[in-house]
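**Q** Quick one: the structure is below, and I'll ask about it shortly.
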Amino acid sequence: MLTSLTLGNFKSYKEATLSLAPITFLIGANASGKSNALEAIRLLSWLAKGSRLDDICDKI
Numbered sequence: 018m019l020t021s022l023t024l025g026n027f028k029s030y031k032e033a034t035l036s037l038a039p040i041t042f043l044i045g046a047n048a049s050g051k052s053n054a055l056e057a058i059r060l061l062s063w064l065a066k067g068s069r070l071d072d073i074c075d076k077i
C-alpha cells in the first residue's frame, strides 16, 4: 500500500509530497492539482501491471 507520493516536475507539481492513508480525500480549489495527483497514481498502477512506458505516454 502506498503511504506517500512524492511528485517532482509532474504536471502542475514542481515538488510535493502527499501523505496517503487507507482512505484519502483530495479536496481543493479548481486547478489545484487533484486530478494530476490521481493521474500520477494511475501511472504508477500501469507501471506496476507491466505496461510499457511508451504505451503509457500515449495515454497521458
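Read left to right, the sequence shown gives residues 18 to 77 (this note's numbering). We treat Cβ as the ideally placed atom computed from N, Cα and C, and that holds for glycine. All figures in this text were calculated on a predicted structure; none of them were measured in a lab.
1. Confirm, please, whether the CB-CB distance from Gly50 to Ser29 is below 7 Å.
2. Suppose contacts are defined by Cβ-Cβ distances below 7 Å. Is Ala33 in contact with Leu19 by that definition?
3. For Gly45 and Ser52, I'd like the C-alpha separation in whole angstroms.
4. From Ser62 to Asp71, what does the alpha carbon distance come to, in whole angstroms?
5. Give the DSSP bridge partners of Glu56, in chain order.
**A** With the given structure in hand:
1. In the sequence shown, residue 29 corresponds to position 12, counting from 1. In the sequence shown, residue 50 corresponds to position 33, counting from 1. Yes. Within cutoff.
2. Taking the sequence shown and counting its residues from 1, one reaches residue 33 at position 16. Taking the sequence shown and counting its residues from 1, one reaches residue 19 at position 2. No, the pair does not count as a contact, with Cβ atoms beyond the cut-off.
3. Reading the sequence shown from its first residue, position 28 is the one you call residue 45. Reading the sequence shown from its first residue, position 35 is the one you call residue 52. Computed Cα separation, rounded: 10 Å.
4. As a first step, residue 62 is located in the sequence shown; it is residue number 45 there, counting from the start. As a first step, residue 71 is located in the sequence shown; it is residue number 54 there, counting from the start. Ser62 and Asp71: Cα-Cα distance of roughly 15 Å.
5. Counted from its first residue, the sequence shown places residue 56 at position 39. DSSP lists no partner for Glu56.
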